[in-house]
Amino acid sequence: MLEKEFIDEMEEKLLEIKENIIKQFMAEDEDFKQLVGDMSIKDLADVAADDIGKRQLEALNQHEVKTLRLVESAISRIHNQKYGTCLSCGAKIPKERLNAIPYALLCISCKNGEEKNRRQGI
Ligand SMILES: [Zn+2]
Numbered sequence: 000m001l002e003k004e005f006i007d008e009m010e011e012k013l014l015e016i017k018e019n020i021i022k023q024f025m026a027e028d029e030d031f032k033q034l035v036g037d038m039s040i041k042d043l044a045d046v047a048a049d050d051i052g053k054r055q056l057e058a059l060n061q062h063e064v065k066t067l068r069l070v071e072s073a074i075s076r077i078h079n080q081k082y083g084t085c086l087s088c089g090a091k092i093p094k095e096r097l098n099a100i101p102y103a104l105l106c107i108s109c110k111n112g113e114e115k116n117r118r119q120g121i
């Protein structure tokens, strides 16, 4: 189990990443700006990536939308006390990895496996 302190720190980082992505969307996309209207940044943290996806704002950077989804999954895993365990095999994800990528949901070996599968077109 990770210490609460570490998890709090990661949650803060995750929210920061989310805010930055949303700010970037607002700067880049008129439709998105309209979607969020005059919400404060705090409310924006509640705008779900799914909502954004549903509205098919294709102008948005899909890589960022994907990151946003991962960030949300990570935050919900914090709330479910599952943060820091691999989504696929249940192994502990090392702190160093979480520090580098707070929204990492897979351990390194599962992540590598996923990439290998992708390369093989599975
Ligand atoms: Zn794993």
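In numbering that gives the first Met the number 0, the protein residues as written are 0 to 121. In this text, a Cβ means the ideal position worked out from N, Cα and C, and glycines have one as well. Source: prediction; values computed, not measured.
- Rounded to whole angstroms, N111 and L34 show a C-alpha spacing of 37 Å.
- In the structure shown, K81 falls within a coil segment according to DSSP collapsed to helix, strand and coil.
- With a 10 Å radius around the Cβ and a threshold of 16 neighbouring Cβ atoms, A26 comes out exposed.
- With a cutoff of 8 Å, G89 counts as near ligand 1, since its C-beta is closer than that to a heavy atom of the ligand.
- With a 10 Å radius around the Cβ and a threshold of 16 neighbouring Cβ atoms, A103 comes out buried.
- With contacts defined as CB atoms closer than 9 Å, L97 and G83 qualify as a contacting pair.
- If you check the C-beta of S108 against ligand 1, you find a heavy atom less than 8 Å away.
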